[in-house]
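Enquirer: Take 1 as the starting number for the sequence shown in full-length UniProt numbering and just add one per residue. The beta-carbon is built from N, C-alpha and C at its ideal position, and this holds for glycine as well. Just so we're clear, the structure is a prediction, and the values are computed from it rather than from any experiment. Before anything else, here's the structure in question.
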Amino acid sequence: MSSSPPVKLIGFFGSPYAFRAQAALCHFSKGVPYELLLEDLFGTKTELLLQLNPVHKKVPVLLHGDRAISESLVIAEYVDEAFDGPALLPTDPYERAMARFWADFIENKLTKPFFMAHWVEGEAREKFEKEGLELLSILEEQLKGNKFFGGDRPGYLDVAASALGPWSSVIQEVMGVTVVREDEHPAIVQWAKDYCSHEALKPCIPDRDKLLAYFTENLERYKTAVNAMLQQQ
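In structure tokens form, the structure reads like this:
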């Protein structure tokens, strides 16, 4: 859209949710140019972030002209509707509903136990790993022999699942654990490789070495935050 107002995305390096929003913007069917404004996860939140997302006070936030949109999946749907190009969501009403259903499954069922299994230790890790991998198996079935969740090309559900790609393998390496095994989840492992190597997504996928360095440097901070979450349960 040549007359579209400028697009800015507030995120922080290392955020899988900001990456999800970036993936929607970078998606081969959209290719929306945008400016990335980086926050400091462990620092003071900027006035801009607090002003644009006063409810949750977190990234990502998409700024399209004077319109602010929060929450990564909401951003993905906004990008799909606001910008020209082939749709991220299926055009068939049933398929579109199913894509939203499985995106919600990822967001509200899979994400927490799956990533907690990467960060915690001992009995808690065993519990989260069992639950997370069972849910991952359910999601894997949705590939149905296809290269992507969207079929031959990535779509909305691939964007929703995007953090399962680079983040999982990096955190496993930093923590010295193996959560996702190729012999147990071959389709998901192959999907992650195909998705992360997709030409359209390369500009927004963080450099793996930099991602490793970031999580290694902030390992204790993340473990402290995760332990605090455990105490609140």
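Classify T178: buried if its beta carbon has 16 or more other beta carbons within 10 angstroms, exposed otherwise.
Expert: T178 is exposed by the Cβ-count criterion.
Enquirer: Work out the CA separation of G132 and R20 for me, nearest whole Å.
Expert: Using only the alpha carbons, I get a separation of about 20 angstroms.
Enquirer: Under a Cβ-count criterion, where at least 16 other Cβ atoms within 10 Å of its own Cβ denotes burial, should residue 241 be classed as buried or exposed?
Expert: Here the chain has residues from 1 to 233 only, and residue 241 is not among them.
Enquirer: Measure how close the beta-carbons of F42 and N218 come, nearest whole angstrom, since I'm counting them as under 8 angstroms.
Expert: 7 angstroms between Cβ atoms; contact.
Enquirer: Classify V61 as helix, strand or coil using the three-state DSSP reduction.
Expert: In the structure shown, V61 sits in a strand (DSSP, three-state: E or B).
Enquirer: Put I205 into one of helix, strand or coil per three-state DSSP.
Expert: It is coil, neither helix nor strand.
Enquirer: Please report the straight-line C-alpha distance between residue 235 and P16, rounded to a whole angstrom.
Expert: Residue 235 falls outside the range modelled here, since the chain spans only 1 to 233, and no answer is possible.
Enquirer: Thinking C-beta only, is I10 closer than 8 angstroms to K49?
Expert: Sequence check: residue 49 is Leu here, not Lys. Against a cut-off of 8 angstroms, the Cβ pair of I10 and L49 comes out as a contact.
Enquirer: Please say whether P86 and S29 have beta carbons closer to each other than 8 angstroms?
Expert: Yes; because the gap between Cβ atoms is below 8 angstroms, this pair is in contact.
Enquirer: Write down the C-beta distance between F105 and L139 rounded to the nearest angstrom, noting that I regard them as a contact closer than 8 angstroms.
Expert: With 8 angstroms as the limit, F105 and L139 qualify as a contact, their Cβ atoms being about 7 angstroms apart.
Enquirer: Whose C-beta lies closer than 6 angstroms to the C-beta of L230 among residues of the same chain, with five residues either side of it excluded?
Expert: Excluding positions up to five away in sequence, the list is empty.
Enquirer: Quick check on M1: does DSSP put it in helix, strand or coil?
Expert: Because M1 carries a pLDDT of 43, less than 50, the predicted location of this residue cannot be relied on, and no value is offered for it.
Enquirer: So A24 packs on V61, CB below 8 angstroms; how close in whole Å?
Expert: Not really, about 13 angstroms apart at Cβ, beyond 8 angstroms.
Enquirer: Closest to L37 by C-alpha separation, out of K8, T44, H64 and Q51, would be which residue?
Expert: Checking every option, the nearest Cα to that of L37 belongs to K8.
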